[in-house]
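Its first residue numbered 10, the sequence shown is counted upward by one per residue in the working numbering.
Positions of the beta carbon are idealized from the N, C-alpha and C atoms, including for glycine.
The structure displayed is predicted, hence computed values, not measured ones.
This report refers to the structure that appears directly beneath it.
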Amino acid sequence: MAHLPPAFGSLRRSAARAAVVVACALAVAEVIRLLLTDLSPHRVAMAAAVVPATALQLHRFTPSSAKPRFAAFGVLVVLVFAPVLSAREPWIALPGFVAAAALGVFAVVPGLVIATATVVASGATHLGGGPNAVVSGVVATTLAALVLYGPTWLATAADPDSARSAVAAERRRVARDLHDLLGSGLSAITVQGELANRLLPEDPLRAKECVTEVVDIARHALGDVRSLALEFRTPSVPEVFASARALLTAAQVAVRLDVDDREVPEPAATVVAKLVREGVTNVVRHSRATRCEIALRRDGRGLELDIVNDGAPACAGMPGSGVRNMTERVREIGGVLTVERLDGDLFRLRARVPLGASGGLTG
């Protein structure tokens with residue numbers, strides 16, 4: 010899976026924080042400069058314009074905000090330059106807000122043109138103070154624009170990698186869910202097919218029943234595949250336990266269920282259903298089990314699921330793709346999954362999951 014380099018993500022976050030600090034510092038400096046020695050109406054009006062201008066600038070760095078569009082950019086231009094034109098008093102570097110926003114809103118060429126024009130206009134407002142004032146205004150506006158635009162540029166530069174990362178994550182999710190969805194059904198088909206093959210010479214009627222069950226299971230598997238287009242409909246907890254009993258019984262494994270029958274809320278219900286399905290599939294596929302006990306208990310901390318079976322191979326507990334998938338699912342909602350070999354040939358899968366929304370286990 011393609012990830013953004015950690016150093017790059019850290020740099021982008023640091024740049025965003027720096028931009029927010031710079032924007033706030035510029036705003037505070039402008040307000041102090043305007044009001045420290047003179048409380049005339051035009052200075053108060055300029056100081057008042059700093060607040061919404063800064064708010065528009067900071068809005069660009071909130072997680073849920075989109076880049077400012079043209080209307081917001083127009084408002085920002087008015088807030089920054091209207092007070093200057095009316096009072097004929099320049100800002101220190103507040104036009105940098107406009108230049109940075111222009112680079113973020115417009116395409117490259119028009120953005121650069123507008124940003125350059127903004128810097129020039131900022132310098133022009135300092136003409137009354139002589140060459141040094143003009144140079145200071147241009148430099149201050151340019152530096153402010155570069156610092157404030159930096160996070161936007163970094164985010165844009167990261168877009169291709171972010172897209173690849175998102176595609177890789179989606180492919181991984183599809184592979185994981187497809188494994189969960191079809192593994193149980195295909196294992197059941199294998200078990201019933203082998204049983205039918207063994208029974209055919211001695212008990213053709215029973216073999217025919219097994220073939221009928223294979224057809225039914227295949228139909229269910231086909232429905233599961235179709236459900237991919239509907240975001241993988243997950244069966245309810247009672248349905249998945251009933252399916253587990255049927256699969257184990259078909260594999261001639263004695264089953265004992267001890268299940269709390271109270272309704273399980275999401276997201277725990279989905280995780281429990283997939284754990285049971287994957288766990289039972291592993292029992293049938295990877296062990297010589299003759300008995301299996303499945304327990305689902307509820308306490309103040311959440312749910313505890315145990316799947317214990319005999320006939321575990323010597324390598325039981327080695328993490329395969331199924332165990333990794335289950336571990337990831339449990340961890341995503343704040344739970345814990347363990348797999349271990351017990352005394353003799355017993356094997357246990359245990360998962361603890363919270364009942365709340367991804368909040369982790371309490372206590």
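Delimiting residues of the beta strand (DSSP E) encompassing residue i
| i | result |
| --- | --- |
| Leu266 | 263-268 |
| Val280 | Here Val280 belongs to no beta strand (DSSP E); instead the alpha helix (DSSP H) covers 277-295. |
Counterpart residues of residue i in DSSP-defined beta bridges
| i | result |
| --- | --- |
| Ile316 | Ile303, Leu358 |
| Asp212 | DSSP output for Asp212 lists no bridge partner at all. |
| Asp308 | Gly311 |
Extent of the continuous alpha helix (DSSP H) to which residue i belongs
| i | result |
| --- | --- |
| Thr134 | Taken as a continuous stretch (DSSP letters only), Thr134 belongs to no alpha helix (DSSP H), as it is neither H nor E. |
| Val273 | No alpha helix (DSSP H) contains Val273, which DSSP labels as neither H nor E. |
| Arg350 | Where Arg350 is concerned, there is no enclosing alpha helix (DSSP H), although the beta strand (DSSP E) it sits in stretches over 345-350. |
| Arg97 | Note, Arg97: premise wrong, no alpha helix (DSSP H); not H, not E. |
| Leu256 | 246-259 |
| Leu112 | 104-114 |
| Leu65 | 50-68 |
Rounded Cβ spacing between residue i and residue j (contact assumed at less than 8 Å)
| i | j | result |
| --- | --- | --- |
| Val264 | Cys301 | 6 Å |
| Leu112 | Ala124 | 5 Å |
| Ser296 | Ala255 | That pair is no contact at about 18 Å. |
| Val348 | Val281 | With 8 Å as the limit, Val348 and Val281 do not qualify as a contact, their Cβ atoms being about 16 Å apart. |
| Leu65 | Val40 | Contact flag wrong, Cβ pair sits at about 16 Å. |
| Gly132 | Gly146 | 5 Å |
| Pro92 | Ala54 | 6 Å |
| Ala9 | Leu43 | One cannot answer for residue 9 here, as it falls past the ends of the chain, which runs 10 to 372. |
Residue i vs residue j beta-carbon contact at 9 Å
| i | j | result |
| --- | --- | --- |
| Leu6 | Ala36 | Residue numbering for the chain in the displayed model covers 10 to 372; residue 6 lies beyond these limits and cannot be assessed. |
| Leu358 | Arg307 | no |
| Ala298 | Ala260 | yes |
| Asp319 | Asp354 | yes |
| Ala251 | Val223 | no |
| Phe115 | Val89 | no |
| Val31 | Leu195 | no |
| Gly309 | Gly344 | no |
| Val128 | Ala142 | no |
| Val262 | Val285 | no |
| Leu380 | Met335 | Since the displayed the chain opens at 10 and closes at 372, residue 380 lies outside it and no answer follows. |
| Thr63 | Trp100 | no |
| Ile303 | Ala253 | yes |
| Ala277 | Ser245 | no |
| Glu98 | Arg52 | yes |
| Ala58 | His68 | no |
| Lys283 | Arg215 | no |
| Val268 | Leu305 | yes |
| Val293 | Leu257 | yes |
| Pro247 | Asp225 | no |
C-beta neighbour in chain E for residue i, strict 9 Å
| i | result |
| --- | --- |
| Ala80 | Note that chain E does not occur in the displayed structure, where there is just one protein chain. |
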